[in-house]
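Encoded as structure tokens, the structure appears first; notes follow it.
In my numbering, the protein residues as written are 1 to 309.
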């Protein structure tokens, strides 16, 4: 047998490659970094895509800022993933999403992520902004709703068990759209009532309620907008003033932080129940019909003026 302490054995050990001789002294901080990277990667891989964002800049900006992902994490739901990107395109209209190639973008996302079963729509605002002067605003509103329903039916053809929301817009800083948005929301509520698993995500005045308005009122001192099934109050916040400029990045779009607030509202109103299999908790005050009648009266008034605020 060879003596391990012989001069020949010692010489052989001294000629081993240096990299092999350092294996026993691998820096602990590098090992910790590798383990942390693996843990983060495994957490991302463990996420199950459940929510698909579809529509205009109000979802494209929220998607880019990671607002929905942040909201899910805030609610302890980070095991669920959100998809967007190709289905969130700023400046798009409901009319575009009701046609090709936009419908195919939705199809591709669902085919690539078969676990998607919650669909968050934001569309219609650009249809109004692009309407020609003197347009029949009631006809335009009904066309927007018809286009949205086309998108909904396409989603249901891909995922029959899908749950779908159409989000309203909150009050913008100018405030001139407050009544008009209430009118469209009333029409939406009437339309979704005949389609299973289709809901209005009412966000009218939400940022007022959650964040307050600098110099006017504090957070929590104005009503939260109502959601399914009664959608009361129809207008949350203070409908007499516009959105707080501090909550907006420009004249139309909320800040990234405000998008998180909006996403948390969607989770509270609908997505928490759908993600966890719990029943929806119905809202209160079943007087939606009265609000619908009042808003339709306001629509007639603004139509007579030739404008939709």
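Just so you know, even glycine gets a beta-carbon here, dropped at the ideal spot from N, CA and C.
Given the structure is predicted, the values throughout are model-derived calculations rather than measurements.
Distance between residue j and residue i (C-alpha atoms, nearest Å)
i: residue 186; j: residue 129; result: 19 Å
i: residue 108; j: residue 52; result: 12 Å
i: residue 134; j: residue 94; result: 20 Å
i: residue 156; j: residue 164; result: 9 Å
i: residue 85; j: residue 60; result: 7 Å
i: residue 141; j: residue 184; result: 7 Å
i: residue 311; j: residue 110; result: Residue 311 falls outside the range modelled here, since the chain spans only 1 to 309, and no answer is possible.
i: residue 256; j: residue 71; result: 11 Å
i: residue 262; j: residue 137; result: 27 Å
i: residue 180; j: residue 200; result: 16 Å
i: residue 214; j: residue 235; result: 20 Å
i: residue 50; j: residue 115; result: 6 Å
Pair within 7 Å by beta-carbon distance, residue i and residue j
i: residue 225; j: residue 212; result: no
i: residue 283; j: residue 227; result: yes
i: residue 202; j: residue 231; result: yes
i: residue 150; j: residue 98; result: yes
i: residue 121; j: residue 166; result: yes
i: residue 162; j: residue 117; result: yes
Bridge-paired residues (DSSP) for residue i
i: residue 254; result: 248
i: residue 120; result: 53, 165
i: residue 310; result: Residue coverage of the chain in this structure runs from 1 to 309, which leaves residue 310 outside it and unanswerable.
i: residue 200; result: 166
i: residue 88; result: 55
i: residue 213; result: 217
Buried or exposed (CB count within 10 angstroms, at least 16 for buried), residue i
i: residue 76; result: exposed
i: residue 238; result: buried
i: residue 74; result: exposed
i: residue 101; result: exposed
i: residue 40; result: For residue 40, the predicted structure reports a pLDDT of 43, less than 50, and the residue's modelled location is therefore unreliable. A value from the coordinates is still provided. Counting Cβ neighbours within 10 Å, residue 40 comes out exposed, since fewer than 16 surround it.
i: residue 160; result: exposed
i: residue 153; result: exposed
i: residue 104; result: exposed
i: residue 92; result: buried
i: residue 56; result: buried
i: residue 276; result: exposed
i: residue 278; result: exposed
Cβ of residue i within 7 Å of any chain D Cβ
i: residue 245; result: Reference to chain D is not applicable here, since this structure consists of a single protein chain.
Point to revise | Contact between the segment 240-255 and the segment 186-200 (3+ Cβ pairs under 8 Å) | key: no
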